[in-house]
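**Q**
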Amino acid sequence: MKTKLNSFEWTILSLMGVILLAGSIGLFLISGKVEEKKTELDTHTRDLTTISGRIHYPSSENMALLKENSKQIEGFIISLKPTLQSSENRLSEIKEIEAVEFKEQLSKTVDDLRALAKAKPVIIPAEFYFGFSRYQKQNPKKKDTVVLGKQLLGVEKMVALLIACGPQKIDSIARSFEEEGEVKKGGALEPEQLKFSSFNHPEGFYTSYPLEVEFVGVTSTLQQFLNEIGKLHYLYVVRSCYMTSLKPVPSRLDELQRQYATLTPTAGTQAVKVPPIVPVLGEEKIKFKVRVDLIEWHGVQEVTTVKEKKS
């Protein structure tokens, strides 16, 4: 016997079917989300386990290393104190002067360096003004004489040392044009102008003035110059050194080995001091371009803590 459903009963059955279908879909979606969240939880648990197994920082080993590095830096600064605090370092003594007086100092410095070069002899270009050619025909502003005076002193000491090292010739000297302010990006530069400007330490410890010299010599010229510049009463930091051999054919390997042997001690001669810099490029003429920073040290301000004040 067949039961005939009326329209109301069909409606109820249809709604129940829809509800069952929606529930099945919802259950399927929820189960997918649960599985996704479970995967995320497993990943985070593995990460936590990995991190927990690592050495916590700063570790005792790292702290010991930092203390050792601090001691080395302190020792380095102590070794520099004779240079930084030398009474013969006159950078901090340079004051603002009249433009005419500065040009007189410049002229005298140029004459002295030309005389040194002639006596060695070292070839320099005609009318060479050691990075200050623009002031042959014009006067500097009075406010610029301080920084110009410091640059002039830095050039004087550096070039006098270079001449003593016996290069064949000095081609050019360049400096940062502090009197012009910061170099504009893409702006044209004068022949003696570097694209760099001076740098002031954020805490006022020092100011650095970029200088650059180009000269021609042999390997020993560069070696002596770089080794001796660290012995001056003025602190120079070598930033870069470019070398171009003027000899079309490179030196033979055995020639380089012989040259190296003359610059370093042989076995059993521990008393012989190894030069800190030993370039081996043969004895052909080489064009060098060396950029240095002249450092004017202002000193470290002592800070008294609250605890020190209370004690």
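513 is the number of the first residue of the sequence shown in my numbering; add one for each residue after it.
We treat Cβ as the ideally placed atom computed from N, Cα and C, and that holds for glycine.
To which residues of the same chain is K654 closer than 8 Å at the C-beta, ignoring the five residues directly before and after it?
**A** E608, I609, E610, A611
**Q** Secondary structure at Y647, three-state DSSP: helix, strand or coil?
**A** helix
**Q** Run through the DSSP bridge pairs and tell me what D805 is partnered with.
**A** According to DSSP, D805 bridges with P722, V749.
**Q** Using 7 Å as the threshold, is the C-beta distance between P652 and L665 below it?
**A** no
**Q** What is the residue span of the beta strand (DSSP E) that A686 lies within?
**A** 681 to 687
**Q** Using 8 Å as the Cβ pair cut-off and three pairs as the minimum, do the stretch 706 to 725 and the stretch 681 to 691 touch?
**A** Cβ pair count under 8 Å is three or more, so yes.
**Q** Taking L603 and K662 to be in contact with their CB atoms under 8 Å, please state how far apart those CB atoms are, rounded to whole angstroms.
**A** 5 Å
**Q** Please report the distance separating the alpha-carbon of Y746 from that of E808.
**A** 8 Å
**Q** Which one of E694, A686, I635, F717 has the shortest CA to CA distance from N706?
**A** Contrary to the premise, residue 706 reads as Leu rather than Asn in this sequence. Considering only alpha carbons, the answer is A686.
**Q** Under a Cβ-count criterion, where at least 16 other Cβ atoms within 10 Å of its own Cβ denotes burial, should P679 be classed as buried or exposed?
**A** buried
**Q** List the DSSP bridge partners of F711.
**A** S720
**Q** Can you pull the DSSP bridge partners for I635?
**A** K681
**Q** One question on the structure: do E740 and L674 come within less than 7 Å of each other, judged by their Cβ atoms?
**A** no
**Q** Report the rounded CA-to-CA distance for V622 versus Q735, giving the unit in angstroms.
**A** 25 Å
**Q** Enumerate in chain order the residues of its own chain whose CB-to-CB distance from F711 is below 6 Å, with the five nearest sequence positions on each side excluded.
**A** S720
**Q** Please report how far the alpha carbon of S684 lies from the alpha carbon of E580, in whole angstroms.
**A** 43 Å
**Q** With burial defined as no fewer than 16 other Cβ atoms inside 10 Å of the residue's Cβ, what is the status of F642: buried or exposed?
**A** By the Cβ-count criterion, F642 is buried, with 16 or more other Cβ atoms from all chains shown falling within 10 Å of its own Cβ.
**Q** To the nearest angstrom, how far is the alpha carbon of I636 from that of E616?
**A** 21 Å
**Q** Report buried or exposed for G811, applying the criterion of at least 16 other Cβ atoms within 10 angstroms of its Cβ.
**A** exposed
**Q** What does DSSP give as the partner residues of S757 in its beta bridges?
**A** Note: S757 sits in a beta bridge opposite I798.
**Q** Should F717 be labelled buried (16 or more other beta-carbon atoms within 10 Å of its own) or exposed?
**A** By the neighbour-count criterion, in which 16 or more other beta carbons inside 10 Å mark a residue as buried, F717 falls on the exposed side.
**Q** By DSSP's criteria, F727 is part of a beta bridge. Which residues make up the other side?
**A** I682, F800
**Q** Is there a C-beta anywhere in chain C that falls below 7 Å from the one on H810?
**A** Chain labels in this structure do not include chain C; a single protein chain is all it has.
**Q** Is it true that the CB of F708 sits closer than 7 Å to the CB of F824?
**A** Here the chain has residues from 513 to 823 only, and residue 824 is not among them.
**Q** Note down the Cα distance separating N574 from P703, rounded to an integer number of angstroms.
**A** 49 Å
**Q** Could you compute how far the alpha carbon of V730 sits from the alpha carbon of R803?
**A** Rounded to whole angstroms, V730 and R803 show a C-alpha spacing of 18 Å.
**Q** When we look at the beta-carbon of T756 and count the other beta-carbons within 10 Å, is it buried (16 or more) or exposed?
**A** exposed
**Q** According to DSSP, what are the bridge partners of Q663?
**A** The partner list for Q663 (beta bridge, DSSP) is empty, contrary to what the question assumes.
**Q** Do you know offhand how far V658's Cα is from E613's?
**A** 12 Å
**Q** For A629, count neighbouring Cβ atoms within 10 angstroms of its own Cβ and tell me buried if that reaches 16, exposed if not.
**A** buried
**Q** In whole angstroms, give me the CA-to-CA distance for S830 and S572.
**A** This structure cannot speak to residue 830, because the chain is shown only from 513 to 823.
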